[in-house]
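Contents: one structure, followed by commentary.
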Amino acid sequence: MAIQRTFSIIKPDGTKRNLTGAVNAVIEAAGLRIVAQKRILMTRAQAETFYAVHAARPFFGELCEFMTSGPVVVQVLEAENAIAKYREVMGATNPANAADGTIRKLFALSVGENTVHGSDAPETAAIEIAQFFAGNEIVG
Ligand code: GDP
């Protein structure tokens, strides 16, 4: 498997509780390199575009409200098999189902306020990275 990039967000519940460093420590301990990172306040339009795939879901409004409720840290992570590796490190969407040692088991508050996002496939990773980073902001 070649070196791959994935897109990550530390969500507002994480930044509000001052967990950016703690989450990054888990990411780095798993062998993922943080090759781009910035702290931003997402606009409603950015959140709606980012989660457009969930537009028909009943929690879409709540999700966009949450993602714009405070700062987020957007990141590009690099490793062999980074997409699957980061999904494993994140743990299940609902922290009640997340495995021990995963970011969501350690830190998430609920299925909505679940501390991190990670891309689910190479196509979505490319789209998500391009939504938030210019090529020259990613330094591997
Ligand atoms: P992920 O890929 O593990 O992040 O999960 P999904 O793609 O299924 O969902 C995207 C995000 O929507 C999740 O990470 C949650 O923040 C949020 N979400 C999913 N299900 C629910 C729900 O039932 N209620 C609320 N409020 N948010 C949800």
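Residue numbers (this note's numbering): 1040 to 1179. C-beta atoms are modelled at their ideal positions from N, C-alpha and C, and glycine is treated no differently. Every value quoted in this text rests on a predicted model; they were computed, and no experiment measured them.
For Ala1137, does the count of other Cβ atoms within 10 angstroms reach 16, so buried, or fall short, so exposed? The residue labelled residue 1137 in the question sits at position 98 within the sequence shown. Under this definition Ala1137 is a buried residue.
From Glu1119, Asn1133, His1156, His1093, pick the residue whose C-alpha is nearest to that of Gly1179; which is it? In the sequence shown, the residue the question calls residue 1179 occupies position 140. Among Glu1119, Asn1133, His1156, His1093, the Cα nearest to that of Gly1179 is on Glu1119.
Straight-line Cα distance separating Thr1059 from Ser1108: Position 69 of the sequence shown, counted from the start, is the residue given in the question as residue 1108. Position 20 of the sequence shown, counted from the start, is the residue given in the question as residue 1059. So the alpha carbons of these two residues sit roughly 16 Å apart.
So what does DSSP say about Thr1163, is it helix, strand or coil? As a position in the sequence shown, residue 1163 is number 124, starting the count at 1. Correct three-state label for Thr1163: helix.
Which stretch, first to last residue, makes up the beta strand (DSSP E) that contains Gly1157? Along the sequence shown, one-based indexing puts residue 1157 at 118. Here the beta strand (DSSP E) through Gly1157 covers 1155-1157.
Check whether the stretch 1156-1163 touches the stretch 1057-1073, taking contact to mean three or more Cβ pairs, one atom from each stretch, closer than 8 Å. no
State whether the stretch 1129-1144 contacts the stretch 1167-1178, with contact taken as three or more CB pairs (one from each stretch) at a distance under 8 Å. no
Reference Thr1132; option with closest CA among Val1062, Lys1124, Ala1123, Ser1149: Counting from 1 along the sequence shown, the entry for residue 1132 is found at position 93. Per the Cα distances, Ser1149.
When the distance is taken between beta carbons, is Ile1066 closer than 8 Å to Pro1110? The residue you call residue 1110 lines up with position 71 of the sequence shown. The residue you call residue 1066 lines up with position 27 of the sequence shown. No, the Cβ-Cβ distance between Pro1110 and Ile1066 is not below 8 Å.
Are Val1062 and Ile1049 touching if we call contact CB-CB under 8 Å? Working through the sequence shown from its first residue, we reach residue 1062 at position 23. Working through the sequence shown from its first residue, we reach residue 1049 at position 10. Yes, these two residues count as a Cβ contact at 8 Å.
Please say whether Ala1165 and Thr1154 have beta carbons closer to each other than 8 Å? Sequence index remark: in the sequence shown, residue 1154 carries index 115 (1-based). Sequence index remark: in the sequence shown, residue 1165 carries index 126 (1-based). For Thr1154 and Ala1165, no; Cβs fall outside 8 Å.
Between Phe1171, Tyr1125, Gly1151, which lies nearest to Met1106 when the distance is taken from Cα to Cα? Your numbering for residue 1106 matches position 67 in the sequence shown. It is Gly1151.
Any heavy atom of the ligand GDP closer than 7 Å to the beta-carbon of Phe1098? Here residue 1098 is taken as the residue at index 59 of the sequence shown, counted from 1. Checking the Cβ of Phe1098 against the ligand GDP gives yes.
Coarse secondary structure for Ile1177, derived from DSSP in three states: Sequence index remark: in the sequence shown, residue 1177 carries index 138 (1-based). The answer is coil: DSSP assigns Ile1177 none of H, G, I, E or B.
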